[in-house]
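Below you'll find the structure, written out as structure tokens, and then a few comments.
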Amino acid sequence: MTFSNKLIQWYLYNKRDLPWRSTKNPYAIWLSEIILQQTRVDQGMAYYYKFLEHFPTVKDLALASEEQVLKLWQGLGYYSRARNLHVSAKYVYYTLNGVFPSTYNELIKLKGVGDYTASAIASICFNETTAVVDGNVYRVLARYFGIDTPINSTKGIKEFKSVAQELISVNDPGTHNQAVMEFGARLCKPQNPFCSSCPLNESCAAFEKKLIKNLPVKEKKIKIKKKYFNYIVIQTINNKTFLEKREEGIWLNMYQFPLIETSKIINEQQFIAHQKFSEIFTTTKVSVKLFNNEPIVHKLSHQHIYAKFWIVKTTSLKMAVLDWNEVEKLPVPKLIDNFLNQFNNN
DNA sequence: CATTCGTGGGA
DNA sequence: TTCCCAAGAAT
Numbered sequence: 001m002t003f004s005n006k007l008i009q010w011y012l013y014n015k016r017d018l019p020w021r022s023t024k025n026p027y028a029i030w031l032s033e034i035i036l037q038q039t040r041v042d043q044g045m046a047y048y049y050k051f052l053e054h055f056p057t058v059k060d061l062a063l064a065s066e067e068q069v070l071k072l073w074q075g076l077g078y079y080s081r082a083r084n085l086h087v088s089a090k091y092v093y094y095t096l097n098g099v100f101p102s103t104y105n106e107l108i109k110l111k112g113v114g115d116y117t118a119s120a121i122a123s124i125c126f127n128e129t130t131a132v133v134d135g136n137v138y139r140v141l142a143r144y145f146g147i148d149t150p151i152n153s154t155k156g157i158k159e160f161k162s163v164a165q166e167l168i169s170v171n172d173p174g175t176h177n178q179a180v181m182e183f184g185a186r187l188c189k190p191q192n193p194f195c196s197s198c199p200l201n202e203s204c205a206a207f208e209k210k211l212i213k214n215l216p217v218k219e220k221k222i223k224i225k226k227k228y229f230n231y232i233v234i235q236t237i238n239n240k241t242f243l244e245k246r247e248e249g250i251w252l253n254m255y256q257f258p259l260i261e262t263s264k265i266i267n268e269q270q271f272i273a274h275q276k277f278s279e280i281f282t283t284t285k286v287s288v289k290l291f292n293n294e295p296i297v298h299k300l301s302h303q304h305i306y307a308k309f310w311i312v313k314t315t316s317l318k319m320a321v322l323d324w325n326e327v328e329k330l331p332v333p334k335l336i337d338n339f340l341n342q343f344n345n346n
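For what it's worth, UniProt numbering labels the leading residue of the first sequence as 1, then goes sequentially.
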């Protein structure tokens with residue numbers, strides 16, 4: 001039996017019953033693939049249901065505002081996925097007359113759709129023999145064939161894509177692709193894979209040479225930068241506050257309290273002396289109280305944010321136009337959301 | 001080509 | 001605690 005046949009047979013007996021496996025609607029498959037990028041099934045599941053409920057068709061998504069889409073995506077991370085999802089929905093609805101692209105070459109033109117996602121949709125929905133290469137596929141192929149080319153090198157990306165494309169079943173490429181991924185996620189796991197019960201263990205290079213723990217090879221480590229955020233939480237006596245929209249970098253287009261970013265931790269005197277603080281509270285009499293005595297450490301993939309929330313009470317303020325009960329309607333990063341939950345409980 | 005983009009689970 | 005990494009893509 002071929003590599004593909006063994007995997008598909010394993011898959012048909014062991015696959016999970018996931019909602020996107022009961023449809024071939026390209027819109028729904030697209031949605032699921034975007035949600036699942038760099039995201040575990042357990043984490044993405046609720047979002048898949050939420051999005052289909054709020055936006056049953058690509059038209060519904062196209063007609064929404066970016067703010068609505070970001071709000072629904074809140075908590076899932078990698079928010080460019082949500083922004084690009086919305087951009088592409090508008091492209092399909094307005095430019096393609098609502099007809100979802102049906103080939104790899106057309107799919108990959110969508111923002112947020114790269115080689116993996118185009119291959120997934122093309123194979124699952126339209127039976128095109130385009131092999132997916134995700135983290136699971138890298139691991140399965142690296143181990144089975146004993147390939148030690150770094151999976152995040154240019155050479156490795158091309159090599160694994162080529163190998164995957166050689167292996168794919170022409171008869172049922174969609175099932176083949178999902179079989180490899182499910183196999184990697186459930187049996188050929190990163191840690192403690194179930195090699196003893198693996199249907200491929202008799203021909204697995206890494207198993208034979210005891211290299212399971214060494215494969216796949218990944219080069220380079222990411223550098224973590226430290227950042228120091230001071231949020232100005234305005235609270236007027238008539239229950240108003242203010243949030244600004246982020247215009248660059250992380251959490252783009254999401255909302256936050258006015259931010260003073262510094263190169264190190266600052267105290268109350270330094271906070272009050274900062275230019276942005278004095279710009280906001282020019283002649284206004286205010287009281288300042290630090291909400292969290294110790295900075296909240298918010299860990300992201302490339303940076304650790306040390307955050308302080310400064311509660312600034314004042315009588316009235318021109319810029320404080322947002323009613324406190326309107327805050328929850330805005331899309332905010334997890335760091336702000338966590339703060340709001342604690343703050344509102346006090 | 002290297003870096004940047006979140007959040008959470010598991011060892 | 002710390003590290004890895006999860007149905008990747010854009011810049």
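No residue lacks a Cβ here, since even glycine has one placed at the ideal position from N, Cα and C.
- Shown here for residue 173: same chain residues with a beta carbon closer than 6 Å to its own, the five before and five after excluded, namely 123 and 129 in chain order.
- The residue among 36, 59 and 58 with its C-alpha nearest the C-alpha of residue 48 is 36.
- Our two residues, residue 111 and residue 69, have alpha carbons roughly 15 Å apart in a direct line.
- Less than 9 Å separates the beta-carbon of residue 72 from that of residue 51.
- Here the alpha carbons of residue 342 and residue 311 stand approximately 13 Å from one another.
- If you check the CB distance, residue 137 and residue 181 come in under 9 Å.
- Residue environment: residue 162 is assigned as exposed (fewer than 16 neighbouring CB atoms within 10 Å of its CB, all protein chains considered).
- The beta carbons of residue 200 and residue 55 sit no closer together than 9 Å.
- Taking C-beta separations shorter than 6 Å and ignoring five residues to either side along the sequence, the partners of residue 287 in its chain run 313, following chain order.
- Among the bridge pairs identified by DSSP, residue 10 is matched with none.
- When the five nearest sequence neighbours on each side are left out, the beta carbons in the same chain lying within less than 6 Å of the beta carbon of residue 333 are those of 251 and 254, in order along the chain.
- Put simply, of 229, 242, 238 and 240 the residue whose alpha carbon is nearest the alpha carbon of residue 261 is 229.
- In summary, residue 9 is exposed, with fewer than 16 beta-carbon neighbours lying within 10 Å of its beta-carbon over all protein chains present.
- With respect to the C-alpha of residue 247, the residue from 12, 80 and 114 having the closest C-alpha is 80.
- At the C-beta level, residue 178 and residue 11 come within 9 Å of one another.
- For residue 297, the enclosing beta strand (DSSP E) stretches over residues 296-299.
- When 329, 95, 132 and 33 are compared, the shortest CA-CA separation from residue 176 is found for 132.
- About 38 Å separates the CB atoms of residue 303 and residue 209; that is not less than 8 Å, and the two are not in contact.
- Fewer than three pairs of CB atoms, one per stretch, sit closer than 8 Å, so the region 27-36 makes no contact with the region 288-295.
- For residue 305, the uninterrupted beta strand (DSSP E) segment begins and ends at 303-314.
- Around the Cβ of residue 170, a 10 Å sphere holds fewer than 16 other Cβ atoms; the residue is exposed.
- For residue 233, the beta-bridge partners assigned by DSSP are 311.
- If you check the CB distance, residue 258 and residue 276 come in under 9 Å.
- Per DSSP, the continuous beta strand (DSSP E) segment holding residue 287 begins and ends at 286-290.
- Burial of residue 241 is indicated by the presence of at least 16 other C-beta atoms within 10 angstroms of its C-beta.
- Each of 316, 320, 62 and 134 was checked against the Cα of residue 96, and the nearest Cα belongs to 62.
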